[in-house]
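Chemist: Structure in structure tokens, see below.
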Amino acid sequence: MYRSPFNLNIAPAFARHKKLKKMTLDNTELLRFTTAGSVDDGKSTLIGRLLYDSKSIFEDQYEQIATTSSKRGEEGVNLALLTDGLKAEREQGITIDVAYRYFATPKRKFIIADTPGHIQYTRNMVTGASTANVALILIDARHGVVEQTRRHSFIASLLQIPHLIVCVNKMDLVDFSEEAFNKIKDDFQTFSHRLDVKDIDFIPMSALLGDNVVEKSENMDWYGGSTLLYSLENVHIGSDNNFIDCRLPVQTVIRPYNDEYHDYRGYAGRIAGGVWKKGDEVTILPSGFTTKVAKIDSYDGELEEAYPPMSVTMLLEDDIDISRGDMIVRTNNQAEVTQDVEVMLCWFNERPLQPGGKYGIMHTTKEARCMVKDVRYRLDINSLHRDEENKDIKMNDIGRVLLRTTAPLFVDSYRKNRITGSVILIDEQTNETVAAGMVI
Amino acid sequence: MSANYQLNHLRELESESIFVLREVAAQFENPVLLFSGGKDSILMVHLAMKAFHPAKIPFTLLHVDTGHNFQEALDYRDALVEKLGVNLVVGSVQEAIDTGMVREETGFNATRNFLQTAVLLKSLEDGKYDAALGGGRRDEEKARAKERFFSHRDEFGQWDPKNQRPELWNLFNGRKQYGEHFRIFPISNWTELDVWQYLAVENVQLPSLYFAHEREVLHRDGMLLATEGGLIPVRDDEKVEKLMVRCRTIGDITTTGVWRSEAATLEDIIAEVSMARQTERGGRADDKRSETAMEDRKKQGYF
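Going down the list, the protein sequences come from chains X and D.
So in the working numbering the end of the first sequence lands on 440, straight run, no missing numbers.
So in the working numbering the end of the second sequence lands on 1303, straight run, no missing numbers.
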């Protein structure tokens, strides 16, 4: 039974509740996607179009951009202004940072990580990509596949975004030509077979006119595929999480210290992998002690099963000393316990990576220190060439690096699990996050 | 197997927020939860309760009281604090005015909203809090769209949009120098509609202000403002009338616009919000002062 803690005794102010009808929320999934493109490929217009045509724009927002458009002497309302940024950015005429935007259809709720496309902002794209289910790669139909396209696609593959949608935009400027579209598609595929992406889709569109964004285009009869919104609503994201390898990094230990829950000792965390049940045999890392799941608890009562990305509280049969940073795994399927971690590293900071340097490292809920033992190579993200001569890793560079940590980490490869396969490095003087790493 | 193992969007948002709240409890020594009595802070408290159940919420509640609050919001706050057995600290704007720490605005549109920032920073300093949880959401306003879950503030409490730490996966770097602190926004990814849907599904009780009721209001600059307590001087050409209204956000009386509404239940509100043609902050006089009002206030240490 539900016990409302907010059942406060100050009537009549709260006597407003009517029994709610069963709400139609069961099928509303959350999909996160990131958008990448180069300057002027119409990314802002595309996002504006998605928001506007899916009726996610409010009147006061619309009025604000209509006023600005006419002030600037533009014809019609410039939907790109909906994603207009901060004053600091407008003054410099650039987008500095990842902006998050939201819209929903009856089928799904969407979170857009809108990342600037400039070459110097690899870090933003990596940030936006780290949690995305889908990446939209924008291509200007007039220019076709350019260096930026390859870079963005590579980052999407490096960050293991499961689905890629290549949006061939500005089709109105190439007379909605099927030939132009096919050429771009072929060009893209000749390099994308080298990438590690499972699912790539191509959509010809005009964000400016709205063709194939939300509404099907009347100008491209030759295109039999779906619109962008339809694809976003229907792409299969059910297997984007790892349901195989049971991993629970412990965030904090819950001990109520009251009479009712005298011996309660719960391990709180967010399931990073696998499907869990009561009675499962588990091992605690790093201690190696083995026990069984006594109960998967939550505020709403005991759970029969737990799976990613649920936040739960795990109770174990035996009293074992477990603290934040430890990891609970299935006994017959454990993460690797190691102090030598080989990663693909994206460098974010103006101060370059120091070979031999020491950094703080965060992995799941565990914090330690690490030393850069070796830089294997620096990757040229445009040519995918591995440079073993010039191995200076500067801001926005990507390289393969060997780290030695002060305490063992419990890792999986990033390909297997995005949560247990990722780390960040922290500058110990400034406390800044200076790099993101994906375990190889 | 996948179909069975998919959380709906509300459960996924809930799980994300609980994760963030637990990170705060684990990474910081003295966190505080900013409670305004509004639905977003009520949601945060509800999520915190779920995150640490069956233990108590490990955060002190801090309310910055402008002295111009709706009585219903204060009653709700006090009842909630008692129910949860948590500690409440009130930062008083009135006291700050009385001691000369801040000076009150004058004129027809005078508000204490801007004085909140100084009182907030003072309260954080006095309590030596190293993290302050806020109910800000990224869908509210464009300056919030780029806000982090863990938002780093310097020793003056200022937000520097150019110097925020990248946030990847679910790794939140809460390290700081002595004297600095973090603002933390566990419900960053919720939209107004998500909040209402979730509060309904969870059967969370809310201050009556959110439901349609009769109230004396006046029209000004396309908004309806409550005349309660005589806090807003009425000009000669303005008329006060009694209308059925409700709040979409709850703040200081002088800046919280109310909306004509017949919504008597959470279901009505959800229906209304799904069809709303104005953002909820469309009724906030504080945001209307300039195009970058929110951005400017955040830089000074506002939420």
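Even glycine gets a Cβ: it sits at the ideal position worked out from N, Cα and C.
As the structure is a prediction and not an experimental result, all values here were calculated from the model.
Tell me, please, whether the CB atom of residue 69 of chain X is closer than 8 Å to any CB atom in chain D?
Modeler: For residue 69 of chain X, the answer is no, since every Cβ of chain D falls outside 8 Å of its Cβ.
Chemist: If contact means a Cβ-Cβ distance below 8 Å, which residues of the segment 1133-1147 of chain D contact chain X?
Modeler: 1138, 1139, 1142, 1143, 1145, 1146
Chemist: For a contact meaning CB atoms closer than 9 Å, what does residue 168 of chain X contact in chain D?
Modeler: Within 9 Å Cβ-Cβ: nothing; residue 168 of chain X doesn't reach chain D, min ~27 Å.
Chemist: In this structure, does DSSP put residue 151 of chain X in helix, strand or coil?
Modeler: helix
Chemist: Which one of D/1009, D/1008, D/1210, D/1033 has the shortest CA to CA distance from residue 1127 of chain D?
Modeler: If we check each option's Cα against that of residue 1127 of chain D, D/1033 comes out closest.
Chemist: Could you tell me whether any Cβ in chain X is nearer than 8 Å to the Cβ of residue 1191 of chain D?
Modeler: yes
Chemist: Along chain X, which residues have their Cβ under 9 Å away from the Cβ of residue 1173 of chain D?
Modeler: 360, 362, 424, 426, 431, 432, 433
Chemist: When DSSP builds the beta bridges, which residues end up paired with residue 377 of chain X?
Modeler: Paired residues: X/400.
Chemist: Can you give me the C-alpha to C-alpha distance between residue 23 of chain X and residue 1201 of chain D, rounded to a whole angstrom?
Modeler: Unreliable placement is indicated for residue 23 of chain X, whose pLDDT of 44 sits below 50; no coordinate value is reported for it.
Chemist: Can you check DSSP and say which residues form a bridge with residue 342 of chain X?
Modeler: X/402
Chemist: State yes or no: is the C-beta of residue 1105 of chain D nearer than 7 Å to some heavy atom of the ligand NAP?
Modeler: Although the ligand NAP was asked about, the structure shown includes no ligands whatsoever.
Chemist: Please say whether residue 243 of chain X and residue 134 of chain X have beta carbons closer to each other than 8 Å?
Modeler: no
Chemist: Spatial neighbours of residue 54 of chain X within its chain, please: CB distance less than 7 Å, with the 5 preceding and 5 following residues excluded, ordered by chain position.
Modeler: 103, 105, 214, 229
Chemist: Tell me which residues share the same chain as residue 176 of chain X and place their Cβ nearer than 6 Å to its Cβ, disregarding the 5 neighbours each side in the sequence.
Modeler: 219, 220
Chemist: Classify residue 206 of chain X as buried or exposed, calling it buried when 16 or more other Cβ atoms lie within 10 Å of its own Cβ.
Modeler: With a 10 Å radius around the Cβ and a threshold of 16 neighbouring Cβ atoms, residue 206 of chain X comes out buried.
Chemist: Checking the sheet assignment: what are the DSSP bridge partners for residue 33 of chain X?
Modeler: X/112, X/134
Chemist: Please say whether residue 1039 of chain D and residue 1018 of chain D have beta carbons closer to each other than 8 Å?
Modeler: No. Outside cutoff.
Chemist: Taking residue 337 of chain X as the reference, give the member of X/373, X/425, X/287 with the closest Cα.
Modeler: X/287
Chemist: Give the C-beta separation of residue 1081 of chain D and residue 1088 of chain D to the nearest angstrom, bearing in mind that I take them to be a contact with Cβ-Cβ under 8 Å.
Modeler: 5 Å
Chemist: Cutting at 7 Å between CB atoms, please list the residues of its own chain near residue 413 of chain X, excluding the five before and the five after it.
Modeler: Same-chain partners within the cutoff: 421, 439, 440.
Chemist: Check whether the Cβ of residue 1012 of chain D lies closer than 8 Å to any Cβ atom in chain X.
Modeler: yes
Chemist: For residue 420 of chain X, would you say it is in contact with chain D, using Cβ-to-Cβ distances shorter than 8 Å as the test?
Modeler: no
Chemist: Just by C-beta distance, which residues in the segment 234-265 of chain X are closer than 7 Å to chain B?
Modeler: Checking the listed chains, one finds no chain B in this structure; the protein chains it contains are X and D.
Chemist: What residue range is occupied by the uninterrupted alpha helix (DSSP H) comprising residue 163 of chain X?
Modeler: Element bounds for residue 163 of chain X: not the alpha helix (DSSP H) but the beta strand (DSSP E), 163-169.
Chemist: Just the C-alpha distance for residue 358 of chain X and residue 372 of chain X, rounded to the nearest angstrom, thanks.
Modeler: 7 Å
Chemist: Determine contact between the segment 1165-1174 of chain D and the segment 423-435 of chain X, defined as no fewer than three beta-carbon pairs at a distance below 8 Å.
Modeler: yes
Chemist: Given residue 330 of chain X, which residues of its chain have a CB within under 8 Å of its CB, disregarding the five upstream and five downstream residues?
Modeler: 245, 246, 274, 280, 281, 282, 283
Chemist: How big is the Cα-Cα spacing for residue 196 of chain X and residue 1016 of chain D?
Modeler: Cα to Cα, the separation comes out at about 28 Å.
Chemist: Sort X/222, X/154, X/265, X/208 by Cα distance to residue 181 of chain X and report the nearest one.
Modeler: X/222
Chemist: Can you find at least 3 beta carbon pairs, one from the segment 1218-1225 of chain D and one from the segment 1063-1070 of chain D, that sit closer than 8 Å?
Modeler: no
Chemist: Going by Cα to Cα distance, which pick from X/143, X/334, X/299, X/294 is closest to residue 315 of chain X?
Modeler: X/294
Chemist: Here's a check: name, in chain order, each residue in its chain whose Cβ is nearer than 7 Å to the Cβ of residue 1206 of chain D, leaving out the five neighbours to either side.
Modeler: 1039, 1042, 1199
Chemist: In the segment 1048-1076 of chain D, which residues sit with their C-beta less than 8 Å from some C-beta in chain X, listed in chain order?
Modeler: Shown in chain order are the members of the segment 1048-1076 of chain D whose Cβ falls below 8 Å from a Cβ of chain X: 1049, 1050, 1051, 1052, 1053, 1054, 1055, 1056, 1072, 1075, 1076.
Chemist: Output yes if chain X places a C-beta closer than 8 Å to the C-beta of residue 1006 of chain D; else output no.
Modeler: yes
Chemist: On the DSSP bridge list, what partners appear for residue 1182 of chain D?
Modeler: D/1131, D/1152
Chemist: I need the straight-line Cα distance from residue 348 of chain X to residue 142 of chain X, nearest angstrom please.
Modeler: Between the alpha carbons of residue 348 of chain X and residue 142 of chain X lies a gap of roughly 32 Å.
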